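So the sequence shown is residues 48 to 630, counted in the working numbering.
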Amino acid sequence: MTRLHAFLTSPLDKTPRSRVIFWFSLSMVFAVIYAGMALHRAFEGSGVIQDDARQHIFWMQRYVDPELFPNDLIADYFQSVAPGGYKLVYFVATFLGIHPLVFCRIIPSFLGIISTPFAFGMSLEILPVPLAGFVGALLMNQIIWLKDDVASGTPRAFIYPIFLAFIYYVIRSNIWGVAISIGLTGLFYPQYVFVGLGILILRLFAWKEGKLRFSSNPKNLKIFAISLAVAFVVILIYALQTLEFGPAMNRAEALQSLEFFENGRNPFFEENLFDFWFNSRRSGMFPKSLFTPATQCLALLFPVLFLFRSAFPLVDRIKPGIWVMFQLLVSSVVMFLLAHALLFKLHLPSRYTGISFRIVIAVLTIVAFTIILDALLNWIEIQRQPKSEKKEVFPRKIQKIVAGGLIGVMTISLLFYPSFVPFFPLVKYEQADRPELYEFFQQQPKDVLVASVSGEVNQLPTFAQRSILAGREYTISYHTGYYRQMNERTTDLIQAHYSPDLEELKAFIQKYEIDLFLIELYAFVPEYFFFNDWMNEFEEGKQAYQFLKTTGEFPALANTISKCSIYTAEEWFILDASCILKQ
């Protein structure tokens, strides 16, 4: 038991290098296993794409064929708002012969593996026990694969390894490590540059003699100055590339749109103020997956360790690096409040706390797990001493059973938690389930523009490589220049789609130079609106529903199906817009 205790929780200064290598190697083994599971899910079928990747990656097919998506508003917009480092990585992958739709399924596994050394190192810098490094690496990998952030292959996927590296180098006061990681943060996930700078600002101050004073450590000022210069450059570059689509939407403008309320495409505002400030996905401070995996509930015991520190000797081994977690917490909350105050100029408030809070809770869990495990092992060893050396409160066998049982529960929960989670890793891949339809569109000229109110239209840019006029997945935006154009397109589309006036339909076709219409079989019955949330967000959709329900008439577009259909399969019709103009 003494040897096991030493093997598991000996401090770093009393641990041979070989043991550190063992724990690090075991961390990498789990990281590779999880990454392999994610990779298997990504390639277990053809025509697979992660849910959020449809928005952020479809336009990258321009890297493969520059003739795709010509004069495409949607493609131009998502290309403009994509951070520079993110675009560069995919461009290089394409240059090396890896298609963007393939690379977005490969890169998440590598990001998970890359995160592991930094999680291991960060944990050791806070609690210098090799086991803590392993727990930190394992727990961070579970966090990564119990959400779809990294699995998406989108810009937010890159923030985990980059920001873990940032924290690691901040704790070590590594000037160039901090500067490079803050630069990479700006190149991949610009919002978190402000969180990083907030940490560096807080490190310029120290609590001495009961007062807040400027830090006497000149290295902190040097790190901040260099990082600020790097951050200024990368943020300026990103800000300039999004100017084309106008300023960020403000609170007053958002309040005028149903899309920003419940059941809308971009739900932000809540009637319940508690939910709005704390639970909401976009406006709330706390992510719903804060204590996922459930083993992170151990973080709640962190304060207890200090109240009873005599029973937890490893508490004295916690290093000052733990204060970076406090600085991260403060910086994130400040940015959260600023994002609310400047809505939406700093994008969504929840973006500033979601990842930060997960990292903070994870670190507290790592520390609590290791310290409690050490105390339980120590307790078992003490119970092995002769009776005369210790006054018994409970029978020793019961104490040993309780301690051993707790150790077993903690260990099993940590190692095997993913085994109890259905569909782990949670990657949320979408399947291309209508290949014949996509193949037909692929045979059409590359400059065709498709109009449709069907949800299937959202799949066409990705799987058919053809431009669409509008789609619910692509209307999400906080830039007024893009939002207004998409809003106008959508309302015009719904009105023309259900108008009984053929001339109004023709005017719509000519205005947007529509080439093809994709129509579902049941698109012209009132019940269709019960399953189409997109149209219900607009007044034109409600009017169309009333028209179908009360008049019993067919819209002009429905009357052209028999004459202008160029493709019919199951419940789908594709209409030639030029044929409609001739009617």
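For every residue, glycine included, the Cβ atom is placed at its ideal position computed from N, Cα and C. These figures come from a predicted structure and were not determined experimentally.
Item: Option in 471, 483, 141 and 346 with minimal Cα separation from residue 418; Value: 346
Item: 7 Å CB neighbourhood of residue 227 in its chain, flanking five on each side removed; Value: none
Item: Residue 627 vs residue 507 beta-carbon contact at 8 Å; Value: no
Item: Secondary structure of residue 495, DSSP reduced to three states; Value: coil
Item: Under 8 Å between C-beta atoms of residue 94 and residue 479; Value: yes
Item: Alpha carbon of residue 48 to alpha carbon of residue 453, nearest angstrom; Value: 16 Å
Item: Given 8 Å, three or more beta-carbon pairs between the stretch 97-108 and the stretch 71-88; Value: no
Item: Contact belief for residue 630 with residue 563 at Cβ below 8 Å, rounded distance in angstroms; Value: With a Cβ gap of about 16 Å, residue 630 and residue 563 do not count as contacting.
Item: Secondary structure of residue 474, DSSP reduced to three states; Value: coil
Item: Segments assigned alpha helix (DSSP H), at least 4 residues, entirely inside the stretch 48-119; Value: 49-56, 64-89, 100-104 and 108-111
Item: Chain-order list of residues whose beta-carbon lies under 8 Å from that of residue 101 (same chain, five-residue window excluded); Value: 477, 505, 506, 508, 509 and 520
Item: Contact under 8 Å by Cβ, residue 359 with residue 422; Value: yes
Item: Exposure label - residue 350; buried when at least 16 CB within 10 Å; Value: exposed
Item: Cβ contact check for the stretch 485-504 and the stretch 84-91: 3 or more pairs under 8 Å; Value: no
Item: Separation of residue 186 from residue 50, as counted between CA atoms; Value: 25 Å
Item: Straight-line gap, residue 578 to residue 337 (C-alpha atoms, nearest Å); Value: 32 Å
Item: Length of the line joining the Cα atoms of residue 234 and residue 554; Value: 43 Å
Item: Coarse secondary structure for residue 514, derived from DSSP in three states; Value: strand
Item: Coil, strand or helix - residue 554 by DSSP; Value: helix
Item: Local Cβ density within 10 Å of residue 458, reported as buried at 16 or more and exposed below that; Value: exposed
Item: Supposed close pair residue 576, residue 588 - CB separation, criterion 8 Å; Value: 7 Å
Item: Cβ-Cβ distance between residue 472 and residue 85 below 8 Å; Value: yes
Item: Own chain, CB closer than 7 Å to residue 623, minus 5 neighbours either side, in chain order; Value: 563, 611 and 613
Item: Minimum length 4: unbroken alpha helix (DSSP H) runs contained in the stretch 127-178; Value: 131-142 and 147-173
Item: Exposure label - residue 435; buried when at least 16 CB within 10 Å; Value: Only weak support exists for where residue 435 lies, its pLDDT of 48 falling under 50; the value from the coordinates is given anyway. Result: exposed.
Item: Whole-angstrom distance between residue 286 and residue 149, CA atom to CA atom; Value: 29 Å
Item: Contacts around residue 499, its chain only, beta-carbon distance under 6 Å, and the 5 residues preceding and following it disregarded; Value: 565
Item: Host alpha helix (DSSP H) of residue 567 (start-end); Value: Where residue 567 is concerned, there is no enclosing alpha helix (DSSP H), although the beta strand (DSSP E) it sits in stretches over 563-567.
Item: Own chain residues within Cβ distance below 7 Å of residue 165, not counting five before or after; Value: 208, 211, 212 and 215
Item: Selected residue, minimal CA-CA separation from residue 158, among 120, 200 and 170; Value: 200
Item: Segments of 4+ residues assigned as alpha helix (DSSP H) that fall wholly inside the stretch 359-442; Value: 370-388 and 401-430
Item: Reference residue 230; option with closest CA among 193, 219 and 283; Value: 283
Item: Cβ-based burial, residue 144 [other Cβ within 10 Å; buried from 16]; Value: exposed
Item: 3-residue-minimum beta strand (DSSP E) runs that sit fully inside the stretch 218-297, ordered along the chain; Value: 252-255 and 258-261
Item: Rounded C-alpha distance that separates residue 141 from residue 114; Value: 15 Å
Item: Close beta carbons around residue 522, own chain, < 6 Å, minus the five adjacent residues each side; Value: 312 and 533
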